[in-house]
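Down below is the structure, laid out as C-alpha cells.
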Amino acid sequence: MAATIDEDGTVRVTGHAEVLRVVRDPQTFSSDVSRFLQVPNTLDGEEHAAFRAVLDPYFAPDRMATLAGPCRRIAARLVAELPRGRAVDAVSGLGVRYAVEAMLAWLGWPAELEEDLVRWVADNAEATRSGELARTTEVAQRFDEIIGRVVEPRLADPATQPRDVTDELLRETVDGRHLSREEIVSVLRNWTGGDLGSLALCVGVILHQLAADPAIEADARARRGDPARLDAAIDELLRRDDPFLSNRRVATADTVVGGCPVTAGSRLTVEWTDANRDPAVFPDPDRYAPETHAHANLVYGAGPHVCPGRPLATLELRILLEEVLDRTTDLALDPESRGERAVRPLGGWASAPVILT
Ligand code: HEM
C-alpha cells in the first residue's frame with residue numbers, strides 16, 4: 015500500500031513515488047498546515063520562494079567552511095570526555111550536547127544558554143511523545159522565551175557591524191522590507207528547535223548501526239579521510255533508520271494518492287521513513303549500499319521544501335563521526351541493554367547505548 019487512511023482521516027503517504035509526487039506538487043499539496051507562523055516551513059508559492067532565497071545562502075559552502083573548526087573542537091572535546099569500556103547513550107550522552115554546542119557556535123549565542131537548551135531538548139522530546147497540547151504549547155513558549163533573550167537586546171541596540179549569523183538575520187529584507195520580530199523568531203525556531211532534536215537522533219542511529227554491525231563500522235573506518243564518501247555512508251545509515259519520520263501537507267483540490275481518495279482540505283503526511291524503505295525502490299531496504307541508494311534517498315526531503323539545513327547537518331554529523339572513529343578502535347552494543355526506540359512522531363532511538371573502546 016502506497017498510502018493509507020488513518021482513523022482521523024489523515025492520508026499517510028508511504029510509497030516512495032507517491033511521496034515524491036506530493037512534495038513536488040505544492041499547488042495541490044500545500045504546506046500551510048499550522049495555525050502558527052512557521053517561516054519558511056508553512057509558506058507556499060512565491061512567498062515561500064522569497065524567504066528561501068534569503069535564507070538558503072546561510073548554508074552556502076563558504077559559510078559551512080568557517081564552521082568546520084568550531085565543530086571539530088566541540089566534537090573532539092565531547093568524544094574525548096566520554097567513558098571507555100562502558101555504555102554511553104549516544105543520544106543524551108553525546109548527540110544532544112553536541113547539537114546544542116554546535117548550534118550556539120553557529121548562531122553566535124552565549125554559552126550560558128547551553129544548560130537551558132539541553133533541558134529544553136529533553137522536555138520537548140517528552141512533550142512531543144505525550145501528545146498533550148498543553149505540554150507542547152508550554153515547551154514551545156519556553157523556546158520562544160529563550161530566543162527572545164537573545165533577540166530582544168539586539169533589536170533594541172543593533173550592532174554597527176554584524177558580529178554573527180543572528181545579527182545578519184536581523185538585518186535581512188524580504189521584498190524590500192525587514193523581517194518582523196515574529197518572522198525572525200520563527201526562522202530561528204526552525205533553525206534550532208527542530209534541528210537540535212533531530213541531529214541528536216541522527217547521532218543515535220548512526221552510532222548504533224556502527225556498533226551493531228562490524229562490517230558497517232569497518233566500511234566507515236575505510237571511508238575516513240574521504241569526506242564525500244563518509245557523507246554518503248552517513249546518508250545511507252540515516253536512510254536505513256530515518257529518525258525524521260514525516261511532514262504534513264493539506265490538499266487544495268480533490269485527487270487520488272496511492273489509490274486513496276483525497277478531498278480538498280484533507281490532511282496528508284509524507285512518511286519519509288517508509289518511503290526510504292519502500293521495497294519498490296530499495297528491494298532489500300536493510301542492505302547497506304551508500305552509493306547505489308544515494309539517488310533515491312529522501313532523508314532530507316525533496317521539492318521546494320527540501321531541507322535547506324542539509325549542508326549544516328551533514329557537516330556536523332561527519333565531523334562528529336570522524337572524531338569518534340579517530341578516538342576509538344571499536345564500537346559495540348551494550349550486552350545489558352538494547353536501548354529504547356523513540357515513539358512517533360519521533361523516530362530512531364530514544365536512547366542508544368554504545369560501548370567505545
Ligand atoms: C539533522 C538532520 C536533518 C534532517 C533529517 C532534516 C530533514 C528535513 C526534511 C525531510 C525537510 C522537508 C520538510 C517538508 O518537505 O515539509 C526539512 C525541511 C527543513 N529543514 Fe531540515 N533536516 C535536518 C537538519 C536541519 C538543520 C540543521 C536545519 C537548519 C539549521 C534544518 C532546517 C530546515 C528547515 C528550515 C526546513 C523547512 C524548509 C522549507 O519549508 O522550505 N534542517 N528538513
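Using my numbering, the first residue of the sequence shown is number 15, and each one after it goes up by one.
For every residue, glycine included, the Cβ atom is placed at its ideal position computed from N, Cα and C.
Residue environment: Gln155 is assigned as exposed (fewer than 16 neighbouring CB atoms within 10 Å of its CB, all protein chains considered). Taking the Cα of Asp348 as reference, the smallest distance to any Cα among Gln223, Asp288, Leu259 is reached at Gln223. Note on Thr283: 16 or more other CB atoms within 10 angstroms of its CB, so buried under the neighbour-count rule. Annotated three-state conformation of Ala31 is helix, per DSSP. Judged by pairs of C-beta atoms under 8 Å, the stretch 244-251 does not touch the stretch 138-147, as fewer than three such pairs exist. Checking the DSSP bridge columns, you'll see Asn261 partnered with Val284.
The three-state reading of DSSP puts Phe43 in strand, counting E and B together.
Counted as a single uninterrupted DSSP element, the alpha helix (DSSP H) harbouring Cys85 occupies residues 75-95.
In this structure Glu159 is exposed. Its beta-carbon is surrounded by fewer than 16 other beta-carbon atoms within 10 angstroms. Relative to Val132, the option among Glu126, Pro124, Val110 whose CA is nearest is Val110.
Following the DSSP letters along the chain, one finds Thr269 in no alpha helix (DSSP H) but inside the beta strand (DSSP E) bounded by residues 269-271. The Cβ atoms of Gly107 and Asp178 do not sit closer than 7 Å to each other. Rounded to the nearest angstrom, the Cβ distance from Val105 to Ala366 is 5 Å, consistent with a contact under 8 Å. When DSSP reads this structure, Pro275 sits in a beta bridge with Val270.
Glu129 and Val37 have their alpha carbons spaced roughly 37 Å apart. Residue state for Leu51 is assigned as coil, using DSSP reduced to three classes.
The beta carbon of Arg66 is closer than 8 Å to those of Pro54, Pro318, Pro322 in its chain, skipping five residues each way along the sequence. Here Pro97 is not near Ala119, since their CB atoms are 7 Å or more apart. Counting C-beta atoms within 10 angstroms of its own C-beta, Leu169 has fewer than 16 neighbours from the protein chains shown and is therefore classed as exposed. Take the alpha-carbon of Tyr314 and the one of Gly99: they are about 34 Å apart.
Closer than 6 Å to some heavy atom of the ligand HEM: that describes the Cβ of Asn204.
Rounded to whole angstroms, Glu350 and Asp137 show a C-alpha spacing of 26 Å. For Glu350, the secondary structure class from DSSP, reduced to helix, strand or coil, is coil. In the DSSP assignment, Ser365 falls within the beta strand (DSSP E) that extends over 363-365. By the C-beta criterion, the stretch 266-276 is judged not to be in contact with the stretch 287-307, since fewer than 3 inter-stretch pairs fall below 8 Å.
A residue is called buried when at least 16 other Cβ atoms come within 10 angstroms of its Cβ; Asp76 does not meet this threshold and is exposed. With fewer than 16 other Cβ atoms inside 10 Å of its own Cβ, Ala232 counts as exposed. When distances are taken from the beta-carbon of Asn138 to the heavy atoms of the ligand HEM, even the shortest one reaches 6 Å or more. The Cβ atoms of Ala101 and Ile369 lie closer than 7 Å to each other.
According to DSSP, residue pairing for Ala17 in a beta bridge involves Val27.
Asp20 counts as exposed, since fewer than 16 other beta carbons sit within 10 angstroms of its beta carbon. The three-state reading of DSSP puts Thr174 in coil, since its state is none of H, G, I, E or B. Taken in chain order, the unbroken stretches of alpha helix (DSSP H) that lie wholly in the stretch 204-258 and span 4 residues or more are 228-237, 241-254. Under the 8 Å Cβ criterion, the stretch 206-221 does not count as touching the stretch 191-198, having fewer than three qualifying pairs. In the three-state reduction of the DSSP assignment, His319 falls in the coil class, being assigned neither a helical nor a strand state.
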